[in-house]
Amino acid sequence: MHRELNIDLGDLIGNLPGMAFRCLNDRDLTIIYASKGSHDLLGYAPKDLIEKKAFRKIVHKDDLDGNKEVLNRLSVTAPRYCLVYRIQTSGGSDKWVREEGTGIFSDSGEFKFIDGLLTDITDHKTVEIELQKQNTRLKSSMGQRFRLEQLIGKSKAMQRVYDLILKLSEKESSVIITGESGTGKELAAHAIHSLSSRNQKRFVPVNCGAIPDTLLEREFFGHKEGSFSGATSDKPGYLELARGGTLFLDEVGEISLSFQTKLLRGLDGIGYTPIGGRDLRQSDFRLICATNRELSERVRQGKMREDFYYRINVVPLHMPPLRERQGDIPLLIDHFLKTDSGRQGKDMPTPLRLKMESYSWPGNVREMKNVIDRYLTLGQLHLEDMLSHAADPLALEPPHTSDLSRAMDSYEQRLITAALEKCRWKKGKTADLLGLSMRTLQRKLKKHELNRGGVE
Numbered sequence: 457m458h459r460e461l462n463i464d465l466g467d468l469i470g471n472l473p474g475m476a477f478r479c480l481n482d483r484d485l486t487i488i489y490a491s492k493g494s495h496d497l498l499g500y501a502p503k504d505l506i507e508k509k510a511f512r513k514i515v516h517k518d519d520l521d522g523n524k525e526v527l528n529r530l531s532v533t534a535p536r537y538c539l540v541y542r543i544q545t546s547g548g549s550d551k552w553v554r555e556e557g558t559g560i561f562s563d564s565g566e567f568k569f570i571d572g573l574l575t576d577i578t579d580h581k582t583v584e585i586e587l588q589k590q591n592t593r594l595k596s597s598m599g600q601r602f603r604l605e606q607l608i609g610k611s612k613a614m615q616r617v618y619d620l621i622l623k624l625s626e627k628e629s630s631v632i633i634t635g636e637s638g639t640g641k642e643l644a645a646h647a648i649h650s651l652s653s654r655n656q657k658r659f660v661p662v663n664c665g666a667i668p669d670t671l672l673e674r675e676f677f678g679h680k681e682g683s684f685s686g687a688t689s690d691k692p693g694y695l696e697l698a699r700g701g702t703l704f705l706d707e708v709g710e711i712s713l714s715f716q717t718k719l720l721r722g723l724d725g726i727g728y729t730p731i732g733g734r735d736l737r738q739s740d741f742r743l744i745c746a747t748n749r750e751l752s753e754r755v756r757q758g759k760m761r762e763d764f765y766y767r768i769n770v771v772p773l774h775m776p777p778l779r780e781r782q783g784d785i786p787l788l789i790d791h792f793l794k795t796d797s798g799r800q801g802k803d804m805p806t807p808l809r810l811k812m813e814s815y816s817w818p819g820n821v822r823e824m825k826n827v828i829d830r831y832l833t834l835g836q837l838h839l840e841d842m843l844s845h846a847a848d849p850l851a852l853e854p855p856h857t858s859d860l861s862r863a864m865d866s867y868e869q870r871l872i873t874a875a876l877e878k879c880r881w882k883k884g885k886t887a888d889l890l891g892l893s894m895r896t897l898q899r900k901l902k903k904h905e906l907n908r909g910g911v912e
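The end of the sequence shown is residue 912 by our numbering, with every number in the run present.
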């Protein structure tokens, strides 16, 4: 009976899409078991691998150190791992593989074996590498770009955002996007997804602040038919919907403390179980979170678990408020005036436009879009009323002189001084605010002898 069970189990493992293996945790990681999938994956029959080949000999030399570093971190309490690397086939060519496995430890805590599964991801990785090349070409022209995906802006602040998005799109790290409400955090998350190798799968946005605590588990993990009144069919949760793609958790700081523990298990690969189900499921997705809160403060207040905070807070991306990139306001106004296909061609009077360009926009880009939508619908009076309190922060009285040349010089000097004060003498921001190149601003600063030592 036991022999039949072993044969059946061997056949089952042999049918897996890839190669199951066990290797010794010796210096070379000698293979002592390989499933039949070794032939399709590497061109070797199991007998040609067992005790004749070692991973140190067939893994690409540039990937050895990274693999070793991951395996050295395994412990009795954290034995699971995942690796992506190149491995050499019997024909001498390289394949990209994903290795998922577990370290096997003795009762005394000695690291003895590694059990794992290799799967071929060459096609996926080829697409990813091509995207990386495209992003590299894109980076070379970033200084000339006024937009990236749905993000609009040419300011230095936005160029930095674009550059980081391109870098992040090449990686799989979790990202936390911070910034005030209305700064475009979801657009940034979607840009990372669209430029990544996961762009053929779903981008699943979740507004965590809009889900009642009692429904969090059902919404994230899904449910089985008959698990509660009204559950007439199986329904996948957000973790399942995001499989292979990107899960975007907006307002992540609003997730209740009690649910953070359960969600953390799903995010860390331990798994989750749909309501009414028994099977432990796992889902592969890229995690991107966003918040307008100070999450470290919520940890100090006991409203966020420290381990949950460190799981989501891996690579930060900050979206600047509109008041810090006022040079982008004209571009955004033009964009929103033109994108409403039903009302294209409507222009805005210059005085009204100048008021918009000097307004502080506390609601950021979202507020501007809503205001322009209302303007296109209701007309000028509504917008003038909304902006009636928005005095030009750089408005100055005209100089008291009849000499036009001197008056213009005096006005220019006062205008630049006011802009410098508004931007706390940060010359890059001042240039953006005034719509000048840095070179032009430097020339005018020298002309008017406007200097504040050591401040850039």
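Backbone N, C-alpha and C define an ideal beta-carbon position, used for all residues, glycine too.
Beta-carbon contacts of residue i that lie in its chain and below 6 Å, excluding the five residues immediately before and after
i      : result
Leu705 : Val662, Cys664 and Cys745
His904 : Gln869
Phe677 : Gly693, Tyr728 and Pro730
His679 : Ala687, Lys691, Pro730, Ile731 and Gly732
Ile538 : The amino acid occupying residue 538 in the given sequence is Cys; Ile does not appear at that position. Glu556, listed in sequence order.
Ser683 : Ile731 and Gly732
Three-way DSSP call (helix, strand, coil) for residue i in this model
i      : result
Ile711 : coil
Lys493 : With the sequence shown as reference, residue 493 is identified as Gly, and Lys is not the correct amino acid for it. Three-state DSSP puts Gly493 in coil, outside helix and strand.
Phe511 : helix
Ala847 : Note on Ala847: pLDDT 44, under 50, position unreliable in the model; no value is reported.
Asp550 : strand
Leu480 : strand
Asp803 : coil
Lys759 : coil
Ile506 : coil
Asp735 : coil
Met812 : helix
Lys680 : coil
Ile560 : strand
Ile667 : coil
Met475 : strand
Tyr500 : coil
Arg781 : coil
Arg603 : strand
Limits of the alpha helix (DSSP H) - the one that residue i falls within
i      : result
Pro786 : Ile785 to Thr795
Ile426 : Any property of residue 426 remains undetermined from this structure, which presents the chain solely from 457 to 912.
Asp888 : Lys883 to Leu890
Thr545 : Here Thr545 belongs to no alpha helix (DSSP H), and DSSP marks it neither H nor E.
Ile828 : Asn820 to Leu834
His649 : Lys641 to Ser650
Same chain, Cβ closer than 7 Å to residue i, five either side skipped, listed in chain order
i      : result
Gly640 : Leu607, Met775 and Val821
Val553 : Tyr541, Ile543, Leu574, Thr575, Asp576 and Ile577
Cys879 : Lys885, Thr886 and Leu889
Lys825 : Phe792
Integer-rounded CB distance, given that residue j should sit under 8 Å from residue i
i      : j      : result
Ser637 : Asn769 : In fact, because the Cβ distance is near 19 Å, the residues do not count as touching under 8 Å.
Ile648 : Leu672 : Not quite, the Cβ-Cβ distance comes to about 25 Å (not below 8 Å), so this is no contact.
Tyr500 : Ser546 : 5 Å
Arg512 : Gly725 : Contact flag wrong, Cβ pair sits at about 26 Å.
Ser653 : Leu587 : 6 Å
Phe567 : Asn655 : No, Phe567 and Asn655 are not in contact; Cβ-Cβ is about 38 Å, not under 8 Å.
Ile872 : Lys902 : About 11 Å separates the two Cβ atoms, so there is no contact after all.
Ile789 : Arg809 : 7 Å
Ile570 : Cys479 : 5 Å
Candidates the options: closest to residue i by CA position
i      : options                           : result
Asn523 : Gly557, Arg830, Gly547 and Ile632 : Gly557
Lys431 : Gln898, Ser893, Leu897 and Leu876 : One cannot answer for residue 431 here, as it falls past the ends of the chain, which runs 457 to 912.
Glu780 : Lys900, Pro807, Asp803 and Lys882 : Lys882
Leu643 : Ala698, His580, Leu773 and Gly682 : Leu773
Ala613 : Asp735, His495 and Pro777         : Pro777
Asp563 : Asn907, Glu586, Lys581 and Thr533 : Thr533
Leu703 : Asp735, Phe659 and Ala476         : Phe659
Ala510 : Lys517, Ile488 and Gln782         : Ile488
Lys759 : Thr795, Asp740 and Val708         : Val708
His495 : Ser814, Gly474 and Ile828         : Gly474
Lys627 : Phe602, Lys657, Met812 and Ile585 : Ile585
Glu750 : Thr717, Leu787, Glu710 and Leu723 : Glu710
Phe741 : Leu498, Lys794, Tyr831 and Ala698 : Ala698
Gly891 : Asn826, Gly783 and Lys825         : Gly783
Leu505 : Leu485, Leu651 and Gly722         : Leu485
Enclosing beta strand (DSSP E) for residue i [first to last residue]
i      : result
Gly522 : No beta strand (DSSP E) holds Gly522; the alpha helix (DSSP H) holding it covers Leu520 to Asn528.
Ala746 : Arg742 to Thr747
Phe659 : Phe659 to Asn663
Leu485 : Here Leu485 belongs to no beta strand (DSSP E), and DSSP marks it neither H nor E.
Leu901 : Taken as a continuous stretch (DSSP letters only), Leu901 belongs to no beta strand (DSSP E), being part of the alpha helix (DSSP H) at Met894 to Lys903.
Leu573 : Phe567 to Asp576
Leu705 : Thr702 to Asp706
Leu773 : Val771 to His774
Ile632 : Val631 to Thr634
Own chain partners of residue i with C-beta closer than 8 Å, once the 5 adjacent residues on each side are dropped
i      : result
Val755 : Arg761, Glu762 and Tyr765
Gly565 : Val532
Heavy atom of the ligand ADP within 7 Å of residue i beta-carbon
i      : result
Leu705 : Annotation note on the ligand ADP: not contained in the displayed structure, which lists no ligands.
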